[in-house]
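Heads up: the sequence lines are chains A and B, in that order.
Going from the first sequence to our numbering is simple: count from 1 and add 190.
Going from the second sequence to our numbering is simple: count from 1 and add 14.
By construction, the Cβ of each residue, glycine as well, lies at the ideal position given by its N, Cα and C atoms.
None of these values were measured; they are calculated from a predicted model.
To start, the structure under review is shown below, and the notes come after it.
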Amino acid sequence: MDALLLSRIQFGFVISYHILFPAFTIGLASWLMFLEFRWLRTRDNVWWDLYKFWSKVFAISFGMGVVSGIVMSFQFGTNWSRLSERAGAVLGPLLSYEVLTAFFLEAGFLGVMLFGANKVRPLVHFFCTCMVALGTLISTFWIIAAISWMHTPQGHVLKDGFFTPGDWWQIVFNPSFPYRLTHMVLAAFITTCFVIGGTAAWHLRRGVQREMALRVLKLSIAFGAIAVPMQVMVGDQHGLNTLEHQPIKVAAMEGHWHRGEPGAGVPLVAFAIPNQQAERNDYEIAIPRLGSLILTHSLDGEITPLTAVAPQDRPPVLPVFFAFRVMVGIGMLMLLVVAFSCWTWWRGRLEQSVWMLRGWQLLSPAGFVALLAGWWVTEIGRQPWVVYGLMRTADAVSPNLQASTVATSLAGYATVYAIVFGAGIWYLWRLLKKGPQAGETPPEMGTPDSGAKTPARPLSAADEADIAEGARP
Amino acid sequence: MNPADLVLTAADGAAFWLPVAWLGVIGFGVLMYVLLDGFVLGLGILAPLAEDSDQLDHMMNTAAPIWDGNETWLVLGGAGLMAAFPRAYALVLSSLYLPVLAMLLGLIFRGVAFEFRFKGRGVARQAWGAAFSIGSIVAAFSQGVILAALVQGLPMEGGHYSGGTWGWLSPFALMTGVALVCGYALLGAGWLILKTEGRLHQLARGWARPLVVCVLAFMGLVSAALPYLDSRVMARWFEGSNFLWLGPVPLLTLAVGWWLWRDAAIGQGADRPHDAKPFVWTLALFVLGLVGLLLGLWPYLVPPHLTIWGAASPPESQGFVMWGLVFLLPLILSYTAWSYSVFRGKVGADAGYH
Numbered sequence: 191m192d193a194l195l196l197s198r199i200q201f202g203f204v205i206s207y208h209i210l211f212p213a214f215t216i217g218l219a220s221w222l223m224f225l226e227f228r229w230l231r232t233r234d235n236v237w238w239d240l241y242k243f244w245s246k247v248f249a250i251s252f253g254m255g256v257v258s259g260i261v262m263s264f265q266f267g268t269n270w271s272r273l274s275e276r277a278g279a280v281l282g283p284l285l286s287y288e289v290l291t292a293f294f295l296e297a298g299f300l301g302v303m304l305f306g307a308n309k310v311r312p313l314v315h316f317f318c319t320c321m322v323a324l325g326t327l328i329s330t331f332w333i334i335a336a337i338s339w340m341h342t343p344q345g346h347v348l349k350d351g352f353f354t355p356g357d358w359w360q361i362v363f364n365p366s367f368p369y370r371l372t373h374m375v376l377a378a379f380i381t382t383c384f385v386i387g388g389t390a391a392w393h394l395r396r397g398v399q400r401e402m403a404l405r406v407l408k409l410s411i412a413f414g415a416i417a418v419p420m421q422v423m424v425g426d427q428h429g430l431n432t433l434e435h436q437p438i439k440v441a442a443m444e445g446h447w448h449r450g451e452p453g454a455g456v457p458l459v460a461f462a463i464p465n466q467q468a469e470r471n472d473y474e475i476a477i478p479r480l481g482s483l484i485l486t487h488s489l490d491g492e493i494t495p496l497t498a499v500a501p502q503d504r505p506p507v508l509p510v511f512f513a514f515r516v517m518v519g520i521g522m523l524m525l526l527v528v529a530f531s532c533w534t535w536w537r538g539r540l541e542q543s544v545w546m547l548r549g550w551q552l553l554s555p556a557g558f559v560a561l562l563a564g565w566w567v568t569e570i571g572r573q574p575w576v577v578y579g580l581m582r583t584a585d586a587v588s589p590n591l592q593a594s595t596v597a598t599s600l601a602g603y604a605t606v607y608a609i610v611f612g613a614g615i616w617y618l619w620r621l622l623k624k625g626p627q628a629g630e631t632p633p634e635m636g637t638p639d640s641g642a643k644t645p646a647r648p649l650s651a652a653d654e655a656d657i658a659e660g661a662r663p
Numbered sequence: 015m016n017p018a019d020l021v022l023t024a025a026d027g028a029a030f031w032l033p034v035a036w037l038g039v040i041g042f043g044v045l046m047y048v049l050l051d052g053f054v055l056g057l058g059i060l061a062p063l064a065e066d067s068d069q070l071d072h073m074m075n076t077a078a079p080i081w082d083g084n085e086t087w088l089v090l091g092g093a094g095l096m097a098a099f100p101r102a103y104a105l106v107l108s109s110l111y112l113p114v115l116a117m118l119l120g121l122i123f124r125g126v127a128f129e130f131r132f133k134g135r136g137v138a139r140q141a142w143g144a145a146f147s148i149g150s151i152v153a154a155f156s157q158g159v160i161l162a163a164l165v166q167g168l169p170m171e172g173g174h175y176s177g178g179t180w181g182w183l184s185p186f187a188l189m190t191g192v193a194l195v196c197g198y199a200l201l202g203a204g205w206l207i208l209k210t211e212g213r214l215h216q217l218a219r220g221w222a223r224p225l226v227v228c229v230l231a232f233m234g235l236v237s238a239a240l241p242y243l244d245s246r247v248m249a250r251w252f253e254g255s256n257f258l259w260l261g262p263v264p265l266l267t268l269a270v271g272w273w274l275w276r277d278a279a280i281g282q283g284a285d286r287p288h289d290a291k292p293f294v295w296t297l298a299l300f301v302l303g304l305v306g307l308l309l310g311l312w313p314y315l316v317p318p319h320l321t322i323w324g325a326a327s328p329p330e331s332q333g334f335v336m337w338g339l340v341f342l343l344p345l346i347l348s349y350t351a352w353s354y355s356v357f358r359g360k361v362g363a364d365a366g367y368h
């Protein structure tokens, strides 16, 4: 393997690991904001107990997002120096604004949010929670702007292979940006919603804090009932946008190799094993005309086939094709579980419906899988381009980088991530299993803190006692 | 694209001033990072000297509320360098691949140890304590190596780095790595003197003076090595009358070194120098070191080839972020200061969230 392929594997590896944590914390931060808002409005301490519990989950996830994110901000320079050199004038400012408007905001208010509840007034504390939540969303805005510009570049001037910004408004609000942003934020919210709802179902089945668990499950069902159908529609729109700007990616998603007979429409390929060499699908099961109906909203609409471009301009079809089906499949399962849950709720049998609870439990990690699958579709599907149509991935890699060096770093990242994130996920799992504790002391009724003398560990909101199985010490 | 060794003058207007202002911003970001994360890394470097597990808890608790914000300055340095000087960002990071990798892996272990150490039990707890320490030492050493590699000049041919995987390795780089480990350890000791009382405070005072000796000795060694490096870096220090008007920097460094030595005394009762002094003097020492470095590097970003104007992104890029910086940097500094003030004062041995 050469330095290019190894660099691609490494980038895919570190960014796939990384995105799981920000996606989860985007959702959790807003969930925490909601919980604290409810507590402030009602002074019902169950909301505060839930806040304390989920803030511990947030702390662990956020910490892992931070350390894996620092790797990302250097990865462009170490392995993709020609991309940085040539497109840094456009991408760098977007990333800088992400740091200035989002990362500092999150880091600045996180300490007080996690540990300052007894050091500041409740409204100030709520303000901190809001700032952290806002930070996660602003961060999404900028990073999606940068990624979207690489997919649908505009607003720049290209001279001698160097990208110079022309119109920043055009660069940020490029054609795929609004769709990708909405799709991603919804994906983060839904992923989090299923972790929260799945945990509640788990607790209900095991009899952990039944009342709290039921309340949380109902909220998850209600949110899912709105967000999941919305995501289906947004996904459809995003797909149509991709069809307009990156038709070859859509052709890879659909396994659509050749232009069919006029008027025959495009079939929907339910299953196949795409064969890149032979330019066809093996073992294909297809439904006639359904592809046209979904993609062009007509029965005989035609889309650009993969063979419309030269073989070296096509993405690897197999991973895009399967990742797309995994994403859509999980989305449909989520829709099913949410619909079934609404029906059970309407019949007043939420607690008794073992199948519904099992469904939530089963789907609790599914959002992460769908999220990764979706990103793989979009990022593998835009190959061989790194800046779509303008700069090839092969031309972006650092010159003079030796394969053995990249192999070393890839092995290093793989080992370290396995240890660190393996441990992190294990700690998260123990924490979720134990569940929330009733009777956490809300700030106002707490004994006045000995003040400045006892700062605690932020990003260590969950300590040993909290996640130890069994009784609290 | 500009030639790499482009040099402009004030007469060139914005094309001259924007990269200069950006050099200031990057310099400020690096300074904030080195000062703020420096003391946190210092705690990790000093961790093996802790007498028991509780003492290590105590050390980590002093920094836990703020380490994440401190590390964000490094991310700003990375993103800012890419925005304002993409050529330097690309060249430096791809050439110094292994030291950067080591730094990042070290920072990962250091960062998660803040959480995981308090969640594991028994062996796992000890292991995360070791991860905190080793991660900090590796990260600090790598940063020293990266700095030294820049100062000694990257081997270049035809505008590209030509040094291979190990081109940055030299006795000077290794020495600077050790020097920075000592420097961060001194910052960490100063921080502990400031933030703790009792046994740990006494220990930290005991560590301070030997570290002062090491740091001053390394500053002398590094400075003495500078004129012998291949790059023209620091040559300016010894050209003509330059040494006269640059003279206050080394003189001030000597004075600060003396005050630091004096106030790092162990002392008892009323004789004890103020607890903030060792930390503040160490900060001053780092500021002077960085000022000396910038004066020597000027106008190069990656000596001896790439000037700040040669590396600069177009004014459309530099200006776009500069507008944001003017408004956002004061805001960031104020809420960061507010966050520090919420957690101000001495941290007791029983601090934590138990």
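Contact list for residue i against chain B, beta-carbon separation under 8 Å
i              : result
M420 (chain A) : Here the premise fails: no neighbours, minimum Cβ distance about 32 Å.
G216 (chain A) : Here residue 216 (chain A) turns out to be Ile, not Gly, going by the sequence shown. Neighbours of I216 (chain A) on chain B: none; closest Cβ ~17 Å, over 8 Å.
Burial state of residue i, where buried means 16 or more other Cβ atoms lie within 10 Å
i              : result
V227 (chain B) : exposed
K349 (chain A) : exposed
M635 (chain A) : Unreliable placement is indicated for M635 (chain A), whose pLDDT of 48 sits below 50; the coordinate value is still reported in the next sentence. M635 (chain A) comes out exposed.
A646 (chain A) : With a pLDDT of 43 at A646 (chain A), under the threshold of 50, the modelled position of that residue is not reliable, and the figure given next carries that caveat. That one is buried.
Y180 (chain A) : For residue 180 (chain A) there is no data in the structure shown, the boundaries of chain A being 191 and 663.
V361 (chain B) : buried
S366 (chain A) : buried
D656 (chain A) : Reliability of the predicted coordinates at D656 (chain A) is poor, the pLDDT of 49 falling under 50, and no value is obtained from them.
V21 (chain B)  : exposed
M191 (chain A) : exposed
I477 (chain A) : exposed
Interface residues of chain A facing residue i [CB-CB closer than 8 Å]
i              : result
F334 (chain B) : P283, P355, W358
Residue i - containing alpha helix (DSSP H), residue span
i              : result
V106 (chain B) : 100-109
A138 (chain B) : 137-166
P292 (chain B) : 291-311
K242 (chain A) : 235-269
A670 (chain A) : In the structure as shown, chain A starts at 191 and stops at 663, and residue 670 (chain A) therefore has no counterpart that could be examined.
A415 (chain A) : 400-435
Within chain A, partners of residue i - CB distance below 7 Å
i              : result
G388 (chain B) : In the structure as shown, chain B begins at 15 and stops at 368. Residue 388 (chain B) is therefore absent and cannot be evaluated.
Residue of the options minimising C-alpha distance to residue i
i              : options                        : result
A124 (chain B) : B:V301, B:V89, B:I151          : First, the residue type needs correcting, since residue 124 (chain B) is Arg and not Ala in the sequence shown. The candidate whose alpha carbon is nearest that of R124 (chain B) is B:I151.
L161 (chain B) : B:G333, B:G41, B:L214, B:K291  : B:G41
S329 (chain A) : A:E296, A:Q466, A:L458         : A:E296
G259 (chain A) : A:A415, A:E275, A:S206, A:G306 : A:S206
A24 (chain B)  : B:V44, B:N16, B:V34, B:P17     : B:V34
P464 (chain A) : A:G351, A:V510, A:Q436, A:P343 : A:V510
E85 (chain B)  : B:A97, B:F300, B:G52           : B:G52
F299 (chain A) : B:A363, B:I346, B:V316, B:V48  : B:I346
R395 (chain A) : A:S488, A:V576, A:L540, A:D239 : A:L540
L194 (chain B) : B:K291, B:L49, B:G324          : B:L49
G395 (chain B) : B:A61, B:P62, B:T296, B:W87    : No answer is possible for residue 395 (chain B): the residues shown for chain B start at 15 and end at 368.
Interface partners of residue i on chain A, CB under 9 Å
i             : result
E85 (chain B) : V256, V257, I260, A297
Neighbouring residues, chain B, relative to residue i (Cβ below 7 Å)
i              : result
K309 (chain A) : V356
F266 (chain A) : M96
E275 (chain A) : P100, R101, A104
Unbroken beta strand (DSSP E) run spanning residue i, endpoints
i              : result
V316 (chain B) : 314-316
I463 (chain A) : 458-465
W575 (chain A) : 575-577
F353 (chain A) : 352-355
N471 (chain A) : 470-477
Under 9 Å by beta carbon: chain B residues contacting residue i
i              : result
V322 (chain A) : Those within 9 Å of V322 (chain A) in chain B number zero; the least Cβ separation is about 11 Å.
Using a Cβ-Cβ cut-off of less than 7 Å, give me the residues of the stretch 590-617 of chain A that come near chain C, in sequence order.
-> Structure shown: chain C not included; protein chains present are A and B.
Segment contact flag, the stretch 207-223 of chain A with the stretch 381-400 of chain A, C-beta cutoff 8 Å, min 3 pairs | Yes, since at least three Cβ pairs between the stretch 207-223 of chain A and the stretch 381-400 of chain A fall closer than 8 Å, the two stretches touch.
How about the stretch 215-226 of chain B and the stretch 173-183 of chain B: do they share at least three Cβ pairs that are nearer than 8 Å?
-> Contact fails: fewer than three Cβ-Cβ distances are below 8 Å.
Could you tell me whether the stretch 547-561 of chain A touches the stretch 421-433 of chain A, where touching means 3 or more Cβ pairs closer than 8 Å?
-> no
Check whether the stretch 91-108 of chain B touches the stretch 255-274 of chain A, counting contact only when three or more Cβ pairs, one atom from each stretch, lie closer than 8 Å.
-> yes
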